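Colleague: Got a structure for you, questions after.
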Amino acid sequence: MKHVVVDLLTDDLVSALKVPHPWFIDEISKSEGTCHISLERHPLPYLCPNCGVESPVYDRRKKIWRHTNVLNMQVILQATLPRVSCASCDNIRLIDVVWARKGAHNTIMFELWVMRALKCQSLNMEKLARNIGGIYRNSISNISRHYDPLLDRNEGFKKEFSNLWLDSQTFIPIDPCSILSSNIVEKLRSFSYRNY
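Everything in the sequence shown is counted per the working numbering, starting at 75 for the first residue and increasing by one.
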């Protein structure tokens, strides 16, 4: 019976996470209240994230992101991302993923959930870190530092953000395109705190 429950959970996660092509869920494992989801990529050509030119793989780096909780379990996404050697840019660059900002250790969905809790539920960073579990106050502070200027300067994003309901206890898609308009998603990906 336990195996059937795990299979049902796996099927629910696969359909709920809406992992964007060419990525797919390779493995799901559970341990002590944490669900680890390993993502793999179909063997398609890689494009340089800077100029878009097809580039060969230079090496690979294992990356891990915290995602929103599912069924009271912490969800950790992991993938081995290639770095490509671009002849056009004459540089080696890590490919981008749609579920996280460049250099972030959390998915965009997790970061939006954190911001929603900070702004709309008036939780302070210490209390939120305790409630979430598995995250430090510094991580929440980094998320807040990234999104605060965007919320302050962009009325369109602020309106969509205030209408967004993210519940850490339900399934939430990885791909923010499924809940936010594409221009807002593009601003999220390209926005850099250093620009302000």
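Ideal Cβ placement from N, Cα and C applies to all residues, glycine included.
If you're wondering where the values come from, they're calculated on a predicted model, not measured in any experiment.
1) For the stretch 167-235, list the alpha helix (DSSP H) runs that are entirely contained and at least 4 residues long, ordered along the chain.
2) Please look up how many angstroms separate the CB atoms of W173 and W139, rounded, as I've assumed it's under 8 Å.
3) Would you call E101 buried or exposed, if buried means 16 or more other Cβ atoms sit within 10 Å of its Cβ?
4) Nearest by alpha-carbon distance to K193: which of R175, G107, I214 and P96 is it?
5) My guess is that Y221 and M189 are in contact by the Cβ rule of under 8 Å, so how many angstroms apart are they, rounded?
6) With DSSP as the reference, please indicate the residues paired to H110 in a beta bridge.
7) What residue from L145, I217, Q152 and S159 has the CA that sits closest to G126's CA?
8) Can I282 and N143 be called in contact, C-beta distance under 9 Å?
9) Going by C-alpha distance, which of S103, R157, E106 and R115 is nearest K94?
10) In its own chain, which residues sit with a C-beta less than 7 Å from the C-beta of S103, not counting the 5 before and 5 after it?
11) Nearest CA to the CA of L155: which residue from K176, L224 and L91?
12) Taking Cβ positions, are R134 and R167 nearer each other than 9 Å?
13) By DSSP, does L91 sit in helix, in strand, or in coil?
14) Give the secondary structure of N124 by DSSP, where H, G and I count as helix, E and B as strand, and everything else as coil.
15) Rank P119, I150, C122 and D170 by C-alpha distance to the C-alpha of L91 and give the top, closest one.
16) Can you name the start and end residues of the beta strand (DSSP E) that H141 belongs to?
17) Please return the same chain residues whose Cβ sits closer than 8 Å to the Cβ of Y132, not counting the five positions on each side in sequence.
18) Would you mind working out which of E106, P96 and Q152 sits nearest N180, comparing C-alpha positions?
Modeller: In short, the structure shows the following:
1) Counting whole runs of 4 or more residues, the stretch 167-235 contains the alpha helix (DSSP H) stretches 182-194, 199-206 and 211-227.
2) Start at 1 with the first residue of the sequence shown, and residue 173 comes out as number 99. Start at 1 with the first residue of the sequence shown, and residue 139 comes out as number 65. Yes, W173 and W139 are in contact; Cβ-Cβ is about 7 Å, under 8 Å.
3) Looking up residue 101 in the sequence shown gives position 27. Exposed, since its Cβ has fewer than 16 Cβ neighbours within 10 Å.
4) Sequence index remark: in the sequence shown, residue 193 carries index 119 (1-based). The shortest Cα separation from K193 among R175, G107, I214 and P96 belongs to I214.
5) Against the sequence shown, residue 221 aligns to sequence position 147. Against the sequence shown, residue 189 aligns to sequence position 115. Contact holds; Cβ gap of about 5 Å.
6) In the sequence shown, residue 110 corresponds to position 36, counting from 1. DSSP lists S103 and I150 as partners of H110.
7) Stepping through the sequence shown from its first residue, residue 126 is reached at position 52. Nearest to G126 by alpha-carbon distance, out of L145, I217, Q152 and S159, is S159.
8) The structure shown does not extend to residue 282, since the chain is modelled only from 75 through 270, so no value can be given for it.
9) Residue numbering aside, residue 94 sits at position 20 when the sequence shown is read from its first letter. The amino acid occupying residue 94 in the given sequence is Pro; Lys does not appear at that position. Checked all of S103, R157, E106 and R115; the closest Cα to P94 is R115.
10) Locating residue 103 in the sequence shown gives position 29, where the first residue counts as 1. Counting only Cβ-Cβ distances below 7 Å, and skipping sequence neighbours, we find H110.
11) In the sequence shown, residue 155 corresponds to position 81, counting from 1. When each option's Cα is compared against that of L155, the closest is K176.
12) One-based indexing of the sequence shown puts residue 134 at position 60. One-based indexing of the sequence shown puts residue 167 at position 93. With contacts defined as CB atoms closer than 9 Å, R134 and R167 fail to qualify as a contacting pair.
13) Residue numbering aside, residue 91 sits at position 17 when the sequence shown is read from its first letter. Residue state, collapsed to three classes: helix.
14) Position 50 of the sequence shown, counted from the start, is the residue given in the question as residue 124. Coil, per DSSP.
15) Within the sequence shown, numbered from 1, the residue matching residue 91 stands at position 17. Cα-wise, what sits closest to L91 is I150.
16) By one-based count along the sequence shown, residue 141 stands at place 67. Annotation: the continuous beta strand (DSSP E) that includes H141 extends over V131 to V144.
17) Translated into the one-based positions of the sequence shown, residue 132 becomes position 58. Excluding residues within five positions, the ones whose Cβ falls inside 8 Å are P156, R157, V158, S159 and I166.
18) Numbered from its first residue, the sequence shown carries residue 180 at position 106. Measuring from the Cα of N180, the nearest candidate turns out to be Q152.
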